[in-house]
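Numbering (our numbering), first residue to last: 23 to 135.
In structure tokens:
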């Protein structure tokens with residue numbers, strides 16, 4: 023059975039304690055890992071530094087990236103193994119996507135009457 027490439031979106035939270043250069047290296051390592059598995063980066067959204075909803079391993083803030091990429095589904099597990107070994111990556115999540123969002127828009131939590 024031939025494995026087909028699928029579109030995924032990956033959310034990555036990188037330690038906010040890192041310098042801009044170190045964060046770029048973490049992002050580049052993620053991108054290089056995807057490309058090494060035959061994947062293609064479709065879009066990268068740098069969402070910036072944000073407060074975490076709860077403390078994770080002593081971290082209260084993180085730097086968020088949302089990356090859309092296509093890759094064979096069997097490669098996702100290999101990528102996760104590498105992510106787990108990266109101590110600068112606080113959290114990550116990968117899910118199958120239907121389309122690439124060209125821009126990110128967030129609804130306000132405050133309701134007005």
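Just so you know, even glycine gets a beta-carbon here, dropped at the ideal spot from N, CA and C.
Supposed contact pair residue j and residue i - C-beta distance, whole angstroms, cut 8 Å
i, j, result
"residue 22", "residue 52", "The question about residue 22 has no answer, for the chain in this structure spans 23 to 135."
"residue 35", "residue 105", "Going by Cβ atoms, the distance from residue 35 to residue 105 rounds to 11 Å, so no, they are not a contact pair."
"residue 97", "residue 29", "The Cβ separation is near 13 Å, so there is no contact."
"residue 117", "residue 25", "Actually they do not touch by this definition, with Cβ atoms about 18 Å apart."
Proximity of residue i and residue j at Cβ, strictly below 8 Å
i, j, result
"residue 122", "residue 65", "yes"
"residue 33", "residue 91", "no"
"residue 71", "residue 54", "no"
"residue 111", "residue 69", "no"
"residue 81", "residue 74", "yes"
"residue 100", "residue 59", "yes"
Cβ neighbours of residue i in the same chain (closer than 6 Å, five flanking residues each side left out)
i, result
"residue 38", "71, 83, 84, 85"
"residue 45", "36, 85"
"residue 18", "This structure leaves residue 18 out entirely; the chain is present only between 23 and 135."
Close beta carbons around residue i, own chain, < 8 Å, minus the five adjacent residues each side
i, result
"residue 40", "48, 85, 110"
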